[in-house]
Structure formats: C-alpha cells, structure tokens
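Student:
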Amino acid sequence: MTPIDATLTLAQDAAPHAFGTLTLADALILMSFWKPILVLLPFVGWGWLISTIYDKHAHRFHLGRKQWNMVHLIAGLLAVVVFFAIPMKGEIAFWIALLAMMGVLLVDLIVFPMVANRDDRVPEAHRLRFDLSAMQEARAAKAAAKQAGKAELILTGPGKRKLEVPDTETPEFETRVLAESLYIKGREARASLVEVLPSGKPDGTYGVVYLVDGVRQAGDAFPGPQALSIMDVWKSAAGLDVADRRRKMLADVSVEYAGAKKTVRVLSQGTQGVMRLTLTFDPAESVRRAVDDLGLLDPQIEAVKRIAADGTGVVLASGQTRGGRTTTLYALTRLHDAYTSNVQTLELEIQDAIEGSKQNVFDPQNTEAEFSKTIRSILRRDPDVVAVAEVPDQQTAVEICKADHTRTRIYVSLRQSSALSTLQGWTKAVGDPDLATAGLRGVLAQRLIRRLCANCRVPYQPTPDMLKQLGLPADKVKQLFKKGGQVLIKNKPELCPVCNGGGYIGQEGLFEVYEITDAIRDMIRGGRWNDVKAEFRKSGLPSINQVALRKAVDGVTSVEEIARISQEGAAKAGAGA
Numbered sequence: 002m003t004p005i006d007a008t009l010t011l012a013q014d015a016a017p018h019a020f021g022t023l024t025l026a027d028a029l030i031l032m033s034f035w036k037p038i039l040v041l042l043p044f045v046g047w048g049w050l051i052s053t054i055y056d057k058h059a060h061r062f063h064l065g066r067k068q069w070n071m072v073h074l075i076a077g078l079l080a081v082v083v084f085f086a087i088p089m090k091g092e093i094a095f096w097i098a099l100l101a102m103m104g105v106l107l108v109d110l111i112v113f114p115m116v117a118n119r120d121d122r123v124p125e126a127h128r129l130r131f132d133l134s135a136m137q138e139a140r141a142a143k144a145a146a147k148q149a150g151k152a153e154l155i156l157t158g159p160g161k162r163k164l165e166v167p168d169t170e171t172p173e174f175e176t177r178v179l180a181e182s183l184y185i186k187g188r189e190a191r192a193s194l195v196e197v198l199p200s201g202k203p204d205g206t207y208g209v210v211y212l213v214d215g216v217r218q219a220g221d222a223f224p225g226p227q228a229l230s231i232m233d234v235w236k237s238a239a240g241l242d243v244a245d246r247r248r249k250m251l252a253d254v255s256v257e258y259a260g261a262k263k264t265v266r267v268l269s270q271g272t273q274g275v276m277r278l279t280l281t282f283d284p285a286e287s288v289r290r291a292v293d294d295l296g297l298l299d300p301q302i303e304a305v306k307r308i309a310a311d312g313t314g315v316v317l318a319s320g321q322t323r324g325g326r327t328t329t330l331y332a333l334t335r336l337h338d339a340y341t342s343n344v345q346t347l348e349l350e351i352q353d354a355i356e357g358s359k360q361n362v363f364d365p366q367n368t369e370a371e372f373s374k375t376i377r378s379i380l381r382r383d384p385d386v387v388a389v390a391e392v393p394d395q396q397t398a399v400e401i402c403k404a405d406h407t408r409t410r411i412y413v414s415l416r417q418s419s420a421l422s423t424l425q426g427w428t429k430a431v432g433d434p435d436l437a438t439a440g441l442r443g444v445l446a447q448r449l450i451r452r453l454c455a456n457c458r459v460p461y462q463p464t465p466d467m468l469k470q471l472g473l474p475a476d477k478v479k480q481l482f483k484k485g486g487q488v489l490i491k492n493k494p495e496l497c498p499v500c501n502g503g504g505y506i507g508q509e510g511l512f513e514v515y516e517i518t519d520a521i522r523d524m525i526r527g528g529r530w531n532d533v534k535a536e537f538r539k540s541g542l543p544s545i546n547q548v549a550l551r552k553a554v555d556g557v558t559s560v561e562e563i564a565r566i567s568q569e570g571a572a573k574a575g576a577g578a
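Listed below in structure tokens is the structure:
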C-alpha cells in the first residue's frame, strides 16, 4: 500500500461522511462541466429577485431592510450547506442535493411576500403576487380592451349584461373613455366615491369631485352636454333609464380593471332641472366593520357591549352625513344573533347584507307609503332588534317611543355630532321629553378623522405652549406626529407610495358612548343640559375631543387634522342652528 493509499484509508476511516462529501464535490468539479452551471443558475435567479425586487420593496415601505437582507443571506448559506451535506454518492445524489438546495431558496422567496403583504404599510396595489391566473386574466382583459379600441374597463350591469365599447372613430368612444376616467382616476386617488354635479357657474359646466378619506377633491370640468353623455354611459351600464333625468335611480355595476373586479353603485338623480351622478366604490365593503374595528377605545367598547347585552329600549347612534353612521348602525345590529333573534332594519338603501336579518327598504318616491306607518308595522311583528336608518319626521320618532321597550331593542341613527346634541335633537324630534326619555338606554356619537400614513408621518417635539393649549401633560407627551407625504428612496425624496403624497390614509371614528341612567333621564326631562354634560364627565368615559387627543398622542392622527374636523363641526353646527 502506498503512502497516498494509506492516507486516504485513514481519512476515510476517520470521517466517512466528510470523505463522501469531498467525493461529491470532486465529481461535481472534475467530471461534469455543466453541473456547476446548473447549480449556479438557481442562485443567479434567486439573487436577481432579491436584489432588484425584494430589497427595493423592503426599503420603499420601511419593512426592515437590513433584517430581511440578513434572512436572505442565511437562506443562501443554508442552501449551500444543504447541497454539499447530502451524505450520498452517485448521480442521484447530485439531483437530490440540487432539488433540496432549490427548495431552500424557494421557501425564502415565498416567505418574504407572505409576511410583507400582511403589513399595513404596504397598500393593496403594491403587494407582491405570483398569481399566474390573475396575470393571465389581466393579459386577456388587456387584449380584449385593445381589440375593443383601448377601452380599459369591462362594465357589467344587472343580468350580467356587458356594456359594449363603441368604435374608436366615433364620438361615443371618446365619451366612453372620459366616463372610464372617472373610475380610473378615482381609484388612483383612493377615493371612496366620485360625483359629477353642476359647478354652479353661469356657463353651465359640470365638475367632478372625488371624496378621499372624507375630504372633497376637485377633478376635471366638462361642458354640460358632454357631462350628461358621460353620466349616460354609467346609467346605461347600470341598466337605468337614460331618458329619465328626474327620478332617483340606483343600481350596481361590476367593473373589471387591471385584473381586479370591483362593485360600483351608480346613483342618478335630478334636482331643479340638472342631473347629478354619484359612483360609490365597494359600497358593501366600506360599511362592513365590527364594533372592535370602529375606532372605539377599550372602555368604550366595553360600554357598547354592555348596552347591547341589555337588549331593550332605544339606543341613539349619531354622526354626520358620510360620517360613518351606516357603518356604526350595522356594527351595532350585528352584535345580536340574527339566527336566534328576530332582527330587522328599515333603510332607504341597503348598503350591505346583514346575515340572517330582514332588511326592509322604504321607497320615498312611493307617494302612498309613509315612513312612520312602515316602522309601526315592523314593530307590531314583535321583533327583538330593529335598526332604523333615518327619522324623517316627528311621527316616526313618536312611533319608536311608543314601542314595547321591555321586549325590543331599537337602534336609531340620527344626524348629529355629539352625544349631548343627539339627546337634544331626539327630544325635540319627539316633542315630549317624558315620552322621548322613557325607553332610552344609551347614546353614541361619532366623528371621522383621517389616519396619518405610518409610512411617511413625521415625528416632532411639541412646544410647552402647544401642549398647554391642548391640555396635554408636558412631562408625559414628548412626541407628536404630523403628515409627511414623502419618503427617501436612495437618498432622494419621492412621493410616498402608500398615501400618494397625501400624508393620510384611511379614516377611523372618534366616539362618545354613554349609558342613560335614571338620573340622566330626569335631567333631560327638566331640560338641565349642563347637568347632563357633568354626568357624562362623571362616568369616566372620554368625550370626542379627549379621544381625538389620545389618538394624536398615539400617532394615529395629527393636531392639524383635529383642528380641521373641529372647524368643520362648528361650521355645520352653526348652519344647522
């Protein structure tokens, strides 16, 4: 035996697995030139995807870029170790090792988008997807749109009837493109609805208004005849009578755009010889929230659930127009099991289905129907829970007060902005303080406030004078936040991709919640409203202003946003006085 043979024999006896690994490596390097290339190719693809997409994505949305890069590095090293650690010999060992290595890299590629897509800082439009079917659908829709003359939307109305796209050389096609732009621009702006309405100018033009996070933003302007033609496109898609420019008409349209399907509620109505069109995006989803997700503080959630558990009497829930009233009314109604209880609603329009309940719709255009008689008919059927979306007249309020409050819970939605004004408005609507207070069990009031974009909000240290004016303790509040709108990408300021530079994204509620006690009922009967306010303070539950400041301290919103909604509330209160 030669010295070399003896050395190899000793090495093999000492470390058989290591020797096997060396043998595999030697075979890889010396025997087949194409195998190293085959091993490197997955690493090239994995590295390209990590560096060009994942790394930029993590940096853009502040997802912990350094930590993720460390995770990717560890995954790459683990893939190498797995490849060379397969304790087998022969050709099959190479393929098993290669598949195991690719499996490690694949897991790394899958985990990042799964975790990143769950992060609230990543908007839905920017989430990473590997859905081939969605890509194929988008490609097919794009091809269909190209054949139809570059129209980008597929509009499907009731009865699954698609609205045909006009020929590209016709004026109707230009109108179709302008009609589609309402939806496309609205989606890009994150609008919840789009309105086309008269501008009020002598030239008879119409303007487009987008409602983004509760704030109206002006859009394009159109001459009157052109605006009417644009409205007619949406009315046709919804199956509404195009010739009727007076009656209120409503229907839903399914819109396919960029591979995604959304519902648009089309509302057409005429006032004083002019038309008005409203497109509401995803109407059902916009009002579908649980009580825990409305924005209530924890003590307020407990109070709401105590009130709901009582199950009797009248509960007033107020807010301003487009201020979350329907969302809150539905959330309160869903606290009751519609399968073990008789739950009903009375609404002008059903915004979302409440599973298991009977949702009654009142048609105000029916001259033979009366709201008060409709609610009286519902209450005579011995319901357990009734949600009333509107109180259009005194007789309706009286009928609610005359119900059997020992057996029925009635939620009443009113247009007010505070708990105190809600009680005052309800008492005035009924016309009799004794009757108005007899069945009262609770009152909720809400305002909507915009949330700061967590991706670009800017922290700052408030001055002592500022904290004093806000009534915040200087020794506890060291930092507040204001809107940003920009982020640094490669050390260059760019518009924040999450909020499109607006600085805010989404809304949540500011609430007042109070249980109505015998003492408060006596104060209302006597018109002692200052005493009612004092009793609210004694309850230990916060007012809307206190909740707003709490959310500012927590970084949910800004002091500037609190000032904005306070000024709007004062202006609306003055107008309604």
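Everything in the sequence shown is counted per this note's numbering, starting at 2 for the first residue and increasing by one. Quick reminder that beta carbons are idealized off the backbone N, C-alpha and C, glycines included. The model shown is predicted, which means the values in this text are computed figures rather than measured ones.
#1: Report the residue from Gln-68, Ala-117, Ala-259 whose alpha carbon sits nearest the alpha carbon of Ile-155.
#2: So, for Asp-283: in the same chain, excluding its five sequence neighbours on each side, which residues have a beta-carbon less than 7 Å away from its beta-carbon?
#3: Check Gln-568 in the structure and name its three-state DSSP category.
#4: Quick check on this structure: which residue in Ser-237, Ala-228, Ser-200, Val-195 has the alpha carbon closest to the alpha carbon of Arg-217?
#5: Run through the DSSP bridge pairs and tell me what Ala-222 is partnered with.
#6: Please go through the same chain and pick out, in chain order, the residues whose beta-carbon is closer than 6 Å to the beta-carbon of Arg-246, but skip the five residues on each side of it.
#7: Apart from the five residues on each side of it in sequence, which residues of its chain come closer than 7 Å, Cβ to Cβ, to Ser-373?
#8: Can you tell me which of Glu-562, Leu-50, Asp-221, Val-254 puts its alpha carbon nearest to the alpha carbon of Ile-506?
#9: How far does the alpha helix (DSSP H) with Phe-113 in it reach, from first residue to last?
#10: May I ask which residues mark the beginning and end of the alpha helix (DSSP H) holding Arg-61?
#11: Evaluate Glu-170 with the Cβ neighbour count: other Cβ atoms within 10 Å of its Cβ, from every protein chain shown; 16 or more gives buried, anything less gives exposed.
#12: Three-state secondary structure (DSSP) at Phe-282?
#13: Measure the Cβ-Cβ separation of Gly-485 and Gly-504 and say whether it is below 7 Å.
#14: Would you tell me roughly how many angstroms separate the C-alpha atoms of Val-82 and Met-102, rounded to the nearest one?
#15: When you compare the CB positions of Leu-106 and Pro-43, do they come within less than 7 Å of one another, or not?
#16: Roughly how many angstroms lie between the CA atoms of Ala-146 and Thr-423, to the nearest whole one?
#17: Locate the alpha helix (DSSP H) running through Gly-485, then write down its first and last residues.
#18: So what's Phe-372 in DSSP terms, helix, strand or just coil?
#19: Enumerate in chain order the residues of its own chain whose CB-to-CB distance from Leu-79 is below 8 Å, with the five nearest sequence positions on each side excluded.
#20: Have a look at Arg-565 and Gly-215 and give me their C-alpha separation to the nearest angstrom.
#21: Assuming Tyr-331 and Asp-353 make a contact with CB atoms under 8 Å, what is their CB distance in whole Å?
#22: Drop a sphere of 10 angstroms on the beta-carbon of Ser-192, count the other beta-carbons inside from all chains shown, and report buried for 16 or more, exposed for fewer.
#23: Taking all protein chains shown into account, decide if Trp-96 is buried (16 or more other Cβ within 10 angstroms of its Cβ) or exposed.
#24: Please check the pair Ser-182 and Lys-236, which I expect to be a contact at CB under 8 Å, by giving their CB distance rounded to whole angstroms.
#25: Suppose you measure from the CA of Phe-174 to the CA of Val-45; what does that come to, to the nearest Å?
#26: From the DSSP output, which residues share a beta bridge with Gly-314?
#27: How should Phe-85 be labelled, buried or exposed, when 16 other C-beta atoms within 10 angstroms of its C-beta is the threshold for buried?
#28: For Pro-460, which residues does DSSP report across the bridge?
#29: Examine the Cβ distances between the region 345-359 and the region 306-319 and report whether three or more of them are shorter than 8 Å.
#30: If you drop the 5 nearest sequence neighbours on each side, which residues of the same chain put their C-beta closer than 7 Å to that of Val-548?
#31: So, using beta-carbon positions, are Glu-348 and Ala-404 closer together than 7 Å?
#32: Does DSSP classify Ser-358 as helix, strand or coil?
#33: Would you please state the rounded distance, in angstroms, between the beta carbons of Leu-278 and Ala-309? I believe it to be under 8 Å.
#34: Can you tell which of Gln-345, Arg-538, Leu-229, Gly-325 has its C-alpha closest to the C-alpha of Gly-205?
#35: Can you name, in chain order, every residue of its own chain whose Cβ lies under 7 Å from the Cβ of Ala-180, other than the five neighbours on each side?
#36: Sort out for me which residues DSSP pairs Lys-262 with in a bridge.
Tutor: Reading off the structure:
#1: Ala-259
#2: Lys-263, Thr-264
#3: helix
#4: Val-195
#5: Gly-208
#6: Gly-271, Met-276
#7: Asp-394, Gln-396, Thr-397, Glu-400
#8: Glu-562
#9: 92-118
#10: 56-61
#11: exposed
#12: strand
#13: yes
#14: 8 Å
#15: yes
#16: A caution first: Ala-146 carries a pLDDT of 47, below 50, which makes its placement in the model unreliable, though a value can still be read off. C-alpha separation (whole angstroms): 51 Å.
#17: Counting along the chain, Gly-485 falls outside any alpha helix (DSSP H), and DSSP gives it neither H nor E.
#18: helix
#19: Val-105
#20: 12 Å
#21: 6 Å
#22: Per the sequence shown, the amino acid found at residue 192 is Ala instead of Ser. When all chains shown are included, Ala-192 counts as buried.
#23: exposed
#24: That pair is no contact at about 17 Å.
#25: 47 Å
#26: Arg-410
#27: exposed
#28: Phe-482
#29: no
#30: Leu-298, Leu-511, Phe-512
#31: no
#32: coil
#33: Their Cβ separation, rounded to whole angstroms, is 38 Å, which puts Leu-278 and Ala-309 out of contact at 8 Å.
#34: Leu-229
#35: Ile-231, Val-234, Trp-235
#36: Glu-257
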